[in-house]
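What follows is a short report on a single structure.
Numbering (the numbering used here), first residue to last: 1015 to 1146.
The structure is reproduced here in structure tokens:
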């Protein structure tokens, strides 16, 4: 193992059994965000960038407060989202070129957690899939 590989390992990032807690707001010129695994999510995730989207697998995530608001603002970049079967998803926003591909499932119960996605940009769509 080279010295730079050892220095880039962060505590909790290499252990699949650990719970990650991502930042609620990230701003960048270039680059997207990818989150997966055991996550303790804030009530709101916001990503602002020129080029870059969001790739989120929430199948093992903890939704604090039963609600998660996801906001993505970029010129180019979409949202690819995987949710558990018991979560209700609402998608809003405006994208000039790009669509919404939302996997349908039986209606969630009234007390089910809610994930609200608001995507704004020129190019990039929203794709929502159910885990499993």
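Backbone N, C-alpha and C define an ideal beta-carbon position, used for all residues, glycine too. All values derive from a computational prediction rather than experimental measurement.
Leaving out the 5 sequence neighbours to the left and right, which residues in its chain are closer than 6 Å to residue i when beta-carbon positions are compared?
i: residue 1134; result: 1087, 1107, 1108
i: residue 1073; result: 1096, 1098, 1145
i: residue 1081; result: 1128
i: residue 1048; result: 1069
i: residue 1054; result: 1033, 1035, 1076
i: residue 1083; result: 1058, 1130
i: residue 1061; result: 1040, 1047, 1068, 1086
i: residue 1132; result: 1085, 1106, 1107
i: residue 1052; result: 1033, 1074
Any idea if residue i is buried or exposed, counting beta-carbon neighbours within 10 angstroms, 16 or more meaning buried?
i: residue 1127; result: buried
i: residue 1037; result: exposed
i: residue 1118; result: exposed
i: residue 1112; result: buried
Helix, strand or coil: how does DSSP classify residue i here?
i: residue 1033; result: coil
i: residue 1138; result: coil
i: residue 1113; result: coil
i: residue 1092; result: coil
i: residue 1066; result: coil
i: residue 1080; result: helix
i: residue 1121; result: coil
i: residue 1072; result: coil
i: residue 1057; result: coil
i: residue 1052; result: coil
Output needed for residue i: all residues of its chain with C-beta closer than 7 Å, excluding positions within five of it in sequence on either side, in chain order.
i: residue 1091; result: 1046, 1063, 1065, 1066, 1067, 1135, 1138
i: residue 1042; result: 1063, 1066
i: residue 1116; result: 1103, 1105, 1142
Near residue i, what residues of its chain come up, given a Cβ to Cβ distance below 8 Å and the 5 sequence neighbours on each side ignored?
i: residue 1110; result: 1135, 1136, 1137
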